[in-house]
Amino acid sequence: MLPHVHIGNLEIPTYGICMVIGIMAAAIIAIIRAKRTGRDENSLIVIAACAVGLGLAGAKILYIIASYGLQKALQEMSQGNFSCFTEGGLVFYGGLIGGIGGAYIGAAIAKEKLTSYIDAVVPCVPLGHAFGRLGCFLGGCCYGMPYEGFGSVTFPAVGVNHGVFPVQLVEMVINIGIFVYLIHFTKKERGKYTVLFVYMGLYGVSRFLLEMLRGDSIRGIANGLSTSQWISIALIIVSLIPVITRLMKKKGGSAPA
Amino acid sequence: MAVASLVLGIVSIVLSFIVNWIGAIPAIVGIILGALGRKDPAKKGMATGGLVCSIIGFILSIILLIACAACVSAAGAY
Chain E
0 MLPHVHIGNL EIPTYGICMV IGIMAAAIIA IIRAKRTGRD ENSLIVIAAC
50 AVGLGLAGAK ILYIIASYGL QKALQEMSQG NFSCFTEGGL VFYGGLIGGI
100 GGAYIGAAIA KEKLTSYIDA VVPCVPLGHA FGRLGCFLGG CCYGMPYEGF
150 GSVTFPAVGV NHGVFPVQLV EMVINIGIFV YLIHFTKKER GKYTVLFVYM
200 GLYGVSRFLL EMLRGDSIRG IANGLSTSQW ISIALIIVSL IPVITRLMKK
250 KGGSAPA
Chain Z
0 MAVASLVLGI VSIVLSFIVN WIGAIPAIVG IILGALGRKD PAKKGMATGG
50 LVCSIIGFIL SIILLIACAA CVSAAGAY
């Protein structure tokens, strides 16, 4: 655990460093991939900037809604207190939703079709996320359930003195695995949004399962499932839409006249 | 666009040292304008300068802001 790095008198959070490295690595690989397929790098920078900007805003807004409650946050902001913006963390799913919206806006600004860039960008999202999870591990948040077996870790700086499951590292490895798979998957020409649906399905399933191994703070439980598990279910359902549509078309096509 | 990007990039770097998270807003606008400005070959140099300054401003703005105090999947009261 290494929550901060000290440079002189400056205390820099390692989570921030990991996030920046993740965003930059994902953006650079996306630009290289876009250039290889003859896309305009400058348009990709515009799309990436909008996606990152609105992604961070979405991640923060969902965190504020989940931790403060929308009403309380609005009340504090109307009194001129913006501490809910500057304190606390981020929620990945808010970032994903905001990022997708931002990418659409970026494509409109760059006067490009987003579908031309999806294959270059989407595989890089889990790479950036993997660095974020490494930041969680170093920062001592998002830790797992109590566990004393092989690989158990403690986070004394945040008051976790008993062994816990290193769920952050597991999620990091899964994200790297999804990144490698999606890079391989996009080598072949696919349907317009196929890679996005595959990513949502893979991450939705893995996150749903990983949530069961989490043990940090209050989990936002509703009807026995955490908020992230509910969002995971929604993602899995959305990712299945093209499969169901294709099956229905096949069934309709093979039905006797 | 190239000039605006350069100005916003410098503003974001300055703001990142004063009120870091606010610096991210001009930085992102600066990155967008810089990238769009690079499409014009006559102003590519200045636009690249604006893009680089904005990226530096963005990094400085968010690196100190994002501490993992509670980057929970969904910490919450509901």
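Respectively, the protein sequence lines represent chains E and Z.
In this text, residue positions in the first sequence follow numbering that gives the first Met the number 0: the first is 0, and each later residue adds one.
In this text, residue positions in the second sequence follow numbering that gives the first Met the number 0: the first is 0, and each later residue adds one.
Note that beta-carbon positions come from the ideal geometry of N, C-alpha and C, so glycine has one too.
CA-CA distance, Q74 of chain E to F196 of chain E, rounds to 38 Å.
Beta-bridge analysis with DSSP links F154 of chain E to E:V159. Boundaries of the alpha helix (DSSP H) around L73 of chain E: 69-77. The Cβ atoms of G29 of chain Z and L7 of chain Z sit closer than 7 Å to each other. Interface criterion met: the Cβ of G15 of chain E is under 7 Å from a Cβ in chain Z. In its chain, beyond the 5 residues on either side, F196 have a beta carbon closer than 6 Å to the beta carbon of P241 of chain E. For E10 of chain E, the three-state secondary structure derived from DSSP is strand. If the five residues before and after P12 of chain E are omitted, its C-beta is found closer than 7 Å to the C-beta atoms of P2, H3, G138, all from its own chain and listed in chain order. Around the CB of Q70 of chain E, fewer than 16 other CB atoms lie within 10 Å, so the residue is classed as exposed. For G52 of chain E, at least one C-beta of chain Z is nearer than 7 Å to its own C-beta. Inter-residue distance for L95 of chain E and G57 of chain E is about 8 Å (C-alpha atoms, whole angstroms). Ranking E:A156, E:G134, E:L126, E:V166 by CA distance to the CA of P145 of chain E puts E:V166 first.
If the five residues before and after I173 of chain E are omitted, its C-beta is found closer than 7 Å to the C-beta atoms of S205, all from its own chain and listed in chain order. Measuring C-alpha to C-alpha distances from F136 of chain E to each of E:I108, E:I99, E:T153 identifies E:T153 as the nearest. For A1 of chain Z, there are no C-beta contacts with chain E under 8 Å, since the nearest C-beta of that chain is about 12 Å from it. Spanning the alpha carbons of I230 of chain E and G203 of chain E requires a straight line of approximately 8 Å.
Within the same chain, and ignoring the five residues on either side of E170 of chain E in sequence, the residues whose Cβ sits closer than 6 Å to its Cβ are R132, L209. For I9 of chain Z, no CB of chain E lies under 7 Å from its own CB, so it is not counted at the interface with that chain.
Residues of chain E whose Cβ lies closer than 8 Å to the Cβ of A41 of chain Z do not exist, since the nearest Cβ in that chain is about 15 Å away.
Any Cβ of chain E closer than 7 Å to the Cβ of I30 of chain Z would place that residue at the interface, and such an atom is present. According to the DSSP assignment, D118 of chain E belongs to the alpha helix (DSSP H) that extends over 114-120. Along the segment 104-130 of chain E, the positions whose C-beta sits under 8 Å from a C-beta of chain Z are G105, I108, A109, read in chain order. L113 of chain E and I99 of chain E have their C-alpha atoms spaced approximately 10 Å apart.
Neighbours of L35 of chain Z across chain E, judged by C-beta separation under 8 Å: N41, V45, I108, A109.
Look at P2 of chain E here: in three-state DSSP terms it is coil, with no helix or strand label.
With respect to V90 of chain E, I31 of chain Z sits apart: the two C-beta atoms are not nearer than 7 Å. Using a Cβ distance threshold of 7 Å, M0 of chain Z and G48 of chain Z do not count as a contacting pair. Here the C-alpha atom of A72 of chain E lies approximately 35 Å from the C-alpha atom of V51 of chain Z. The beta carbon of R213 of chain E is closer than 8 Å to those of C141, Y142, G143, M144, V166, S225 in its chain, skipping five residues each way along the sequence.
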